[in-house]
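Participant:
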Amino acid sequence: MKILILGGGGREHALAWAIKQNPKCEEILCAPGNAGIAKIAKCHSLEIENPDAVLDFVQIHKVDFVIVGPEAPLVAGVAQSLREAGITTFGPDKAAAKLEASKNFTKEVCAQANAPTAAHKYFSDLNSAKAYIRNQGAPIVIKADGLAAGKGVVVAMDLETAFGAVETMLGGEYRATGTGVVIEEFMEGEEASLFVLCDGMTAVSIGTAQDHKRAFDGDTGPNTGGMGAYSPAPVLDNNTLEKTMSEIVEPTLQVLVNRGTPYQGVLYVGLMIKNGQPRLVEYNVRFGDPECQVLMMRLGGQAFDLIEATAKGELEGLHVNWAGDHALTVVMAAQGYPGSYEKGSIITGLEKVVKDSKNMCFHAGTTRIGNDITATGGRVLNFTARGESLSEARQNAYNMVKQVEWPEGFYRTDIGWRALSEALK
Ligand code: AMP
Ligand code: GLY
């Protein structure tokens with residue numbers, strides 16, 4: 010099969026790496042890709058958020074199967090238009106992708122599904138929003154209603170921060186991304202994510218993970234897209250997982266079916282867990298980045314069988330073969346990220362990094378210039394390893410990090426700390 014992957018981050022490199030191991034895969038194309046992906050796939054420049062451009066590309070290159078990595082093309086209707094043209098495609102239609110594109114839509118679906126989530130209210134008027142915040146008190150959470158590239162959520166620990174957030178979102182720079190804000194109850198607990206493949210009605214869990222959102226060690230510094238992850242997440246034990254499926258995921262999928270917009274693709278279920286009770290923080294309509302890297306490391310080539318079954322509506326009765334192992338990824342980012350950072354610095358030592366079925370350096374923001382691998386993104390490399398235990402996976406991942414010389418980069422030294430310290434208790 011000739012497979013096209015849309016996207017160019019660590020998530021898409023991990024997908025390409027796993028899919029390449031499946032015998033059904035003859036060739037992978039990727040757009041736009043990156044320097045790491047280019048080693049296993051042909052990379053093309055393409056307007057991936059333009060449904061017509063993607064459909065033209067797919068027809069010209071006689072692609073058999075399309076996997077959409079990031080949310081923006083899904084929200085723009087790329088998967089939908091490919092499917093309507095008869096191309097087998099992994100990823101939800103535009104209407105179902107609203108689960109990520111609109112916080113308010115997700116809240117409506119949760120209410121219909123009776124799925125546990127934070128109590129909330131929607132506002133488009135600044136004064137009413139402020140009055141509500143004053144009444145509720147802090148801590149309180151403010152979310153812009155629209156895709157905001159991870160910048161649309163403010164967890165306000167005091168009223169001043171909360172007022173500042175609604176002023177910006179309802180009066181200022183995010184105004185164009187949505188029509189209002191969702192203001193919600195602050196939930197306490199431990200965060201973890203569940204990844205579920207859905208082919209409309211059947212849902213199959215393909216793993217759990219925990220991300221590290223803050224830039225620096227000890228969960229300090231600004232919020233990022235994620236500085237490292239591991240799988241499985243111990244807090245999502247079997248009991249909590251079953252509750253998540255029966256109380257949150259399955260009722261949500263049923264509501265979407267009832268609305269005439271069934272969900273096909275991977276559903277990223279962001280949870281807050283307290284005393285074994287999961288509550289929904291958010292849905293995303295794609296794999297997490299860097300969570301995908303640890304999931305692909307654990308699934309290997311079977312990932313494509315699962316993705317194919319999802320796109321073809323054949324998930325029922327399918328099982329995931331788990332090796333009972335652990336995976337961990339460490340993100341190396343450009344100094345300054347998530348703020349402004351330099352582009353174009355050279356990374357050396359990558360050839361020394363061991364690459365096998367248990368160790369892999371996935372590229373995120375890299376470009377090859379001549380013989381050099383240069384850093385061209387905020388998050389640049391993802392050192393991902395598997396082990397019998399989480400501590401072995403962690404050791405292997407940090408061993409890879411040490412091989413690379415890139416003074417312009419930084420990484421967290423404590424990925425996995427929460428699960429490892431729990432394990433020591
Ligand atoms: P979201 O984009 O909705 O996932 O929010 C980004 C991050 O903000 C989450 O990963 C949580 O760490 C935090 N967050 C969002 N909603 C809440 C909430 N209601 N209570 C506590 N933390 C939250
Ligand atoms: N790592 C968080 C996300 O992909 O949204």
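Just so we're aligned, residue 10 is where the sequence shown starts under the working numbering, counting upward by one. Each residue gets a CB set at the ideal place from its N, CA and C atoms; glycine is no exception.
#1: Using three-state DSSP, classify PRO241 as helix, strand or coil.
#2: What is the residue span of the beta strand (DSSP E) that GLN68 lies within?
#3: Classify PHE313 as helix, strand or coil using the three-state DSSP reduction.
#4: With respect to the beta strand (DSSP E) encompassing LEU359, which residues constitute its N-terminal and C-terminal limits?
#5: Could you tell me if the beta carbon of GLY297 falls within a distance shorter than 6 Å of some heavy atom in the ligand GLY?
#6: Note down the Cα distance separating PRO79 from ARG295, rounded to an integer number of angstroms.
#7: Out of curiosity, what's the CA-to-CA distance linking PRO260 and LYS152?
#8: I'd like the span of the alpha helix (DSSP H) that includes PRO287, first residue to last.
#9: Rounded to whole angstroms, what's the CA-CA distance from MET236 to LEU337? Just pull it up for me.
#10: Could I get the ranges of all uninterrupted beta strand (DSSP E) runs contained in the segment 13 to 68, with 3 residues as the minimum, in chain order?
#11: Identify whether SER202 lies in helix, strand or coil by the three-state DSSP scheme.
#12: Rounded to a whole number of angstroms, what is the C-alpha to C-alpha distance between PHE419 and CYS39?
#13: Taking the alpha carbon of LEU265 as the reference point, which residue from VAL190, ALA105, LEU24, GLY386 has its own alpha carbon closest?
#14: Let me know the alpha helix (DSSP H) ranges lying completely inside the segment 129 to 156, each 4 residues or longer, listed in chain order.
#15: Does the ligand AMP have a heavy atom nearer than 6 Å to the CB of ILE195?
#16: What residue from GLU417, ASP228, LYS48, VAL258 has the CA that sits closest to VAL205's CA?
#17: Within a Cβ cutoff of 6 Å, which residues of the same chain sit near ARG403, ignoring the five residues on either side of it in sequence?
#18: Terminal residues of the continuous beta strand (DSSP E) containing VAL191?
#19: Kindly indicate the opening and closing residues of the alpha helix (DSSP H) around ASN123.
#20: For LEU64 and GLY274, what's the separation of their Cα atoms in angstroms?
#21: Going by the beta-carbon positions, is the gap between THR385 and THR376 smaller than 7 Å?
#22: By alpha-carbon positions, which one of LEU245, ALA212, GLU200, GLY216 ends up nearest to ARG223?
#23: Quick check: the Cα distance between GLY345 and GLY17, rounded to an integer number of angstroms?
#24: Please work out which residues of its chain come closer than 6 Å, Cβ to Cβ, to GLU169, disregarding the five sequence neighbours upstream and downstream, and give them in chain order.
Facilitator: Taking the structure as given:
#1: Translated into positions along the sequence shown, residue 241 becomes position 232. In the structure shown, PRO241 adopts coil according to DSSP, grouped into three states.
#2: Here residue 68 refers to the residue found at position 59 of the sequence shown. From DSSP, GLN68 is part of no beta strand (DSSP E) but of the alpha helix (DSSP H) over 60 to 69.
#3: In the sequence shown, the residue the question calls residue 313 occupies position 304. Helix, per DSSP.
#4: Here residue 359 corresponds to residue number 350 of the sequence shown, with the count starting at 1. Run containing LEU359: none; DSSP gives neither H nor E here.
#5: Taking the sequence shown and counting its residues from 1, one reaches residue 297 at position 288. Yes.
#6: For the purposes of this step, residue 79 is taken as the residue at position 70 of the sequence shown. For the purposes of this step, residue 295 is taken as the residue at position 286 of the sequence shown. Between the C-alpha atoms of PRO79 and ARG295 there is a straight-line separation of about 6 Å.
#7: Working through the sequence shown from its first residue, we reach residue 260 at position 251. Working through the sequence shown from its first residue, we reach residue 152 at position 143. Roughly 24 Å separates the two Cα atoms.
#8: The sequence position of residue 287 within the sequence shown is 278, counting from 1. In the DSSP assignment, PRO287 falls outside any alpha helix (DSSP H) and within the unbroken beta strand (DSSP E) covering 286 to 293.
#9: Residue 236 sits at position 227 when you count from the first residue of the sequence shown. Residue 337 sits at position 328 when you count from the first residue of the sequence shown. In a straight line, the C-alpha of MET236 is about 11 Å away from that of LEU337.
#10: Within the segment 13 to 68, the runs of beta strand (DSSP E) that reach at least 3 residues and sit entirely inside it are, in chain order, 36 to 41.
#11: Counting from one through the sequence shown, the residue named residue 202 turns up at place 193. If DSSP states are grouped into helix, strand and coil, SER202 belongs with the strands.
#12: Reading the sequence shown from its first residue, position 410 is the one you call residue 419. Reading the sequence shown from its first residue, position 30 is the one you call residue 39. Note on geometry: alpha-carbon atoms of PHE419 and CYS39 lie some 27 Å from one another.
#13: As a working note, residue 265 is residue 256 in the sequence shown. Closest by alpha carbon: ALA105.
#14: Positions of the alpha helix (DSSP H) runs, each at least 4 residues long and wholly inside the segment 129 to 156, are given as 135 to 145 in order along the chain.
#15: In the sequence shown, residue 195 corresponds to position 186, counting from 1. This sequence places Phe at residue 195; Ile is not what is there. If you check the C-beta of PHE195 against the ligand AMP, you find a heavy atom less than 6 Å away.
#16: What you label residue 205 is simply residue 196 of the sequence shown in a count that begins at 1. VAL205 has its Cα closest to that of VAL258, out of GLU417, ASP228, LYS48, VAL258.
#17: The residue labelled residue 403 in the question sits at position 394 within the sequence shown. Here ARG403 has LEU337, GLY425 as same chain residues with Cβ atoms under 6 Å from its own Cβ, once five neighbours each way along the sequence are excluded.
#18: To locate residue 191, count along the sequence shown from 1; it is residue 182. It spans 190 to 194 - the beta strand (DSSP E) in which VAL191 sits, taken as one unbroken run.
#19: Position 114 of the sequence shown, counting from 1, holds the residue named residue 123. First-last for ASN123: undefined, no H or E at that position.
#20: For the purposes of this step, residue 64 is taken as the residue at position 55 of the sequence shown. For the purposes of this step, residue 274 is taken as the residue at position 265 of the sequence shown. GLY274 has its alpha-carbon roughly 19 Å from the corresponding atom of LEU64.
#21: On the sequence shown, position 376 is the one that residue 385 refers to. On the sequence shown, position 367 is the one that residue 376 refers to. Result yes, Cβ atoms of THR385 and THR376 sit closer than 7 Å.
#22: In the sequence shown, counting from the first residue as 1, residue 223 sits at position 214. Looking at LEU245, ALA212, GLU200, GLY216, the one whose alpha-carbon comes closest to that of ARG223 is GLU200.
#23: Here residue 345 refers to the residue found at position 336 when the sequence shown is read from its first residue. Here residue 17 refers to the residue found at position 8 when the sequence shown is read from its first residue. Rounded to whole angstroms, GLY345 and GLY17 show a C-alpha spacing of 21 Å.
#24: Counting from one through the sequence shown, the residue named residue 169 turns up at place 160. None.
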